[in-house]
Every structure is written in C-alpha cells, then in structure tokens.
Amino acid sequence: PRLAVASLYRAGEVARDHLADAPRARRAFERVLALVPDHIGALVALETLLRAAGDREALAAVLAIQAATFVDPGARVMALQERVRALDLGGLGTPNDRVEAWSTVLALRPGDRTALDGLERESLAAGDARVIASVDALLAEATSDPPLRAAGVRPEPDGRASGAGPRGGGAG
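Start counting the sequence shown at 731; every next residue gets the next number (this note's numbering).
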C-alpha cells in the first residue's frame with residue numbers, strides 16, 4: 731500500500747503540475763485518500779483543485795477532513811473557516827453544520843472574532859434570542875475596545891438581552 735500511495739500521489743502531481751490535467755490529478759489524489767484518508771499532501775492538493783474547479787460541496791467535505799486531521803490548531807481553524815465559507819457560497823449544508831464549525835473554532839481559539847461573528851449571523855437567522863444574547867456577550871468580552879466592551883450585551887436569565895444601548899436600555 732505504501733508504494734501504491736506514493737505512486738498515486740506522484741501521478742497526481744505530474745497530472746497537475748506537468749500535464750495541466752486537473753481532472754486526472756483530482757482522481758489520483760482522491761485515490762490516495764481512499765487508501766489513506768488523512769494523507770495531508772493529498773488533502774491540500776485536492777483542496778486547491780476543488781477550489782479551482784468550483785466544486786464547493788466536495789471542497790467542504792475535504793475541508794472537514796482537514797479540520798479533523800490537522801494537528802496544528804491554527805491550521806484546523808483555517809480549515810474550519812474555509813469550510814463555512816464553502817458551505818455559504820455553495821448554499822450547502824445546514825445551519826447546524828456552520829454552528830458546529832464555528833463552535834469548534836471557538837474551542838480551539840476562544841474569543842475568535844470571525845467565529846463569534848459567524849455564530850451571531852447563524853443565531854440571528856434562527857431568531858433565537860437566548861443564543862443571540864449569549865453570542866453578543868461573548869463578542870463584548872472578546873473585544874479590547876473599552877467603549878465597545880462597556881456597551882456589550884449581556885444575557886438575562888430569561889434570555890432577553892440587556893445593556894444593548896449606550897445607557898443600558900434593554901433590547902428585548
């Protein structure tokens with residue numbers, strides 16, 4: 731299997747780099763992943779090919795594998811952020827797919843502004859006041875700007891948002 735994987739990977743490189751045959755390269759890298767699902771080189775090469783081909787559904791799937799495979803937290807965050815973008819641009823997946831990705835980013839990088847913004851968009855779209863207030867509170871805590879922090883929304887026990895206005899007027 732090791733020789734087969736190396737041969738297939740090299741065939742993918744040759745097809746991509748020397749023959750400019752993206753479909754052939756894609757098939758070779760996909761065959762590598764069929765044998766070794768966490769092959770980093772094939773995952774990265776396939777990501778590039780899928781992005782160029784505009785195949786957002788396959789790209790989102792590869793990015794999910796990258797996020798589960800990459801050891802470096804920064805690389806995992808990048809893969810998750812790119813996955814959400816591919817899902818959004820392709821109109822793919824469900825809101826839960828995006829919430830799960832953003833939540834994983836926050837677990838890896840607490841206070842990540844992009845993830846907090848993404849969760850806020852998802853909660854606003856869902857109309858869930860409790861989640862909106864919770865995410866807004868996290869956004870306020872994540873900011874280093876004192877005036878923004880002072881105006882931050884805090885969730886109340888009943889799920890309503892308070893402290894949303896400059897004088898602390900409730901939003902709900």
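The beta carbon of each residue, even a glycine, is placed where N, CA and C say it ideally should be. Only a predicted model underlies this, so the values are computations on that prediction, with no experimental measurement involved.
Please name the residue, chosen from the options, that lies closest to residue i on a Cα-to-Cα basis.
{"i": "M808", "options": "L819, D785, R786 and T834", "result": "T834"}
{"i": "A845", "options": "G823, E787, G857 and R815", "result": "R815"}
{"i": "R851", "options": "S864, E787 and S737", "result": "S864"}
{"i": "F759", "options": "E787, L869, V792 and D827", "result": "V792"}
{"i": "E743", "options": "R732, P731 and A772", "result": "A772"}
{"i": "L868", "options": "D858, V774 and D847", "result": "D847"}
{"i": "L763", "options": "R732, A750 and D747", "result": "R732"}
{"i": "E871", "options": "D858, G857 and R843", "result": "R843"}
{"i": "L836", "options": "P803, A736, A741 and D858", "result": "P803"}
Below 7 angstroms between beta carbons: does that hold for residue i and residue j?
{"i": "A831", "j": "L849", "result": "no"}
{"i": "L776", "j": "R761", "result": "no"}
{"i": "R786", "j": "G841", "result": "no"}
{"i": "A794", "j": "R813", "result": "yes"}
{"i": "R860", "j": "L838", "result": "no"}
Note down, in chain order, each residue of its chain lying with its Cβ closer than 7 angstroms to the Cβ of residue i, except the 5 sequence neighbours on either side.
{"i": "V754", "result": "With the sequence shown as reference, residue 754 is identified as Arg, and Val is not the correct amino acid for it. If we look at R754 and ignore the five residues flanking it on each side, its Cβ neighbours are A745."}
{"i": "A855", "result": "P825"}
{"i": "R781", "result": "L789"}
{"i": "R756", "result": "L776 and L779"}
{"i": "D827", "result": "L817"}
{"i": "D751", "result": "A745"}
May I ask whether a heavy atom of the ligand FMN can be found less than 6 angstroms away from the beta carbon of residue i?
{"i": "G857", "result": "Annotation note on the ligand FMN: not contained in the displayed structure, which lists no ligands."}
Less than 8 angstroms between C-beta atoms, sequence neighbours within five positions excluded: which residues of the same chain meet that for residue i?
{"i": "A734", "result": "L765"}
{"i": "L822", "result": "R786, E787, A790 and A816"}
Note down, in chain order, each residue of its chain lying with its Cβ closer than 6 angstroms to the Cβ of residue i, except the 5 sequence neighbours on either side.
{"i": "S853", "result": "V861, I862 and V865"}
{"i": "V829", "result": "E852"}
{"i": "L878", "result": "Note that L878 scores 49 on pLDDT, short of 50, meaning its location in the model is unreliable; the coordinates nonetheless yield the value given after this. Hits under 6 angstroms: none found."}
Does the region 790 to 809 come close enough to the region 761 to 774 that 3 or more CB-CB pairs lie under 8 angstroms?
-> yes
Where are the alpha helix (DSSP H) runs, 4 residues long or more, that stay fully inside the region 826 to 858, in chain order?
-> 843 to 856
Taking the runs of the beta strand (DSSP E) that are 3 residues or longer, which of them lie wholly in the region 744 to 797?
-> none
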